[in-house]
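S.K.: Structure provided below as structure tokens; questions to follow.
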Amino acid sequence: MGAHHTKDKGDLGTAKAHADLAAQGFMILFPATEHAEFDLVAYRRSAFHRVQVKYRSTRLGAISVQFRSVWADRHGTHMKPSDKSEVDVLCIYCPDTDECYYVRPSNHRQSVTLRVHPTRNGQRRRILPAEAFRQFPEI
41 MGAHHTKDKG
51 DLGTAKAHAD
61 LAAQGFMILF
71 PATEHAEFDL
81 VAYRRSAFHR
91 VQVKYRSTRL
101 GAISVQFRSV
111 WADRHGTHMK
121 PSDKSEVDVL
131 CIYCPDTDEC
141 YYVRPSNHRQ
151 SVTLRVHPTR
161 NGQRRRILPA
171 EAFRQFPEI
């Protein structure tokens with residue numbers, strides 16, 4: 041697959057999350073604004089879950105997401121920590137595996153790294169295997 045513009049990557053990640061969540065039995069709702077902290081709402085069994093979607097390729101066998109917002113304007117590049125109370129679940133779409141992985145931001149500090157491939161040195165402690173995060177986390 042060729043290079044994508046950042047907006048196109050986000051749209052593809054959201055589309056993949058939509059399909060994956062629908063396959064897991066969720067009804068999917070979309071906010072009427074692009075300024076919400078979340079990209080979609082997953083509804084199942086009388087519960088609503090705010091889902092933010094991130095598109096991440098693997099680097100050195102892992103996918104990483106930092107819990108922050110980055111944007112640029114005429115005053116430069118800006119960063120601010122994400123408000124984890126605004127999102128229930130983070131869906132990470134990885135084009136290298138064509139899979140969605142689900143984590144609760146509140147369970148992690150400033151970032152999360154999921155291993156798609158084993159480490160070269162065989163380390164297993166403090167490693168989060170991506171495959172363990174394929175199903176939507178229930179409350």
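In terms of the working numbering, the sequence shown opens at residue 41 and continues consecutively. In this text, a Cβ means the ideal position worked out from N, Cα and C, and glycines have one as well.
Taking DSSP's pairing of strands, which residues face Ser86 in a bridge?
M.R.: For this step, residue 86 is matched to residue 46 along the sequence shown. Bridge partners of Ser86: none, in fact.
S.K.: May I ask you to report which of helix, strand or coil DSSP gives Phe159?
M.R.: One-based indexing of the sequence shown puts residue 159 at position 119. Going by the sequence as given, residue 159 is Thr instead of Phe. Coil.
S.K.: Identify the continuous beta strand (DSSP E) that holds Thr117 and give its terminal residues.
M.R.: Start at 1 with the first residue of the sequence shown, and residue 117 comes out as number 77. Per DSSP, Thr117 belongs to the beta strand (DSSP E) from 116 to 121.
S.K.: Can you tell me the Cα-Cα spacing of Ala57 and Thr117, whole angstroms?
M.R.: Against the sequence shown, residue 57 aligns to sequence position 17. Against the sequence shown, residue 117 aligns to sequence position 77. Their Cα atoms are separated by approximately 28 Å.
S.K.: Taking 8 Å as the limit between beta carbons, can you name the residues of its chain near Val156, skipping five residues before and five after?
M.R.: One-based indexing of the sequence shown puts residue 156 at position 116. Taken in chain order, the residues that qualify are Thr98, Gly101, Ala102, Ile103, Cys134, Asp136, Thr137, Ala170.
S.K.: When the Cα atoms are used, what is the spatial distance from Leu52 to Cys140?
M.R.: Numbered from its first residue, the sequence shown carries residue 52 at position 12. Numbered from its first residue, the sequence shown carries residue 140 at position 100. Distance between the alpha carbons of Leu52 and Cys140: 12 Å.
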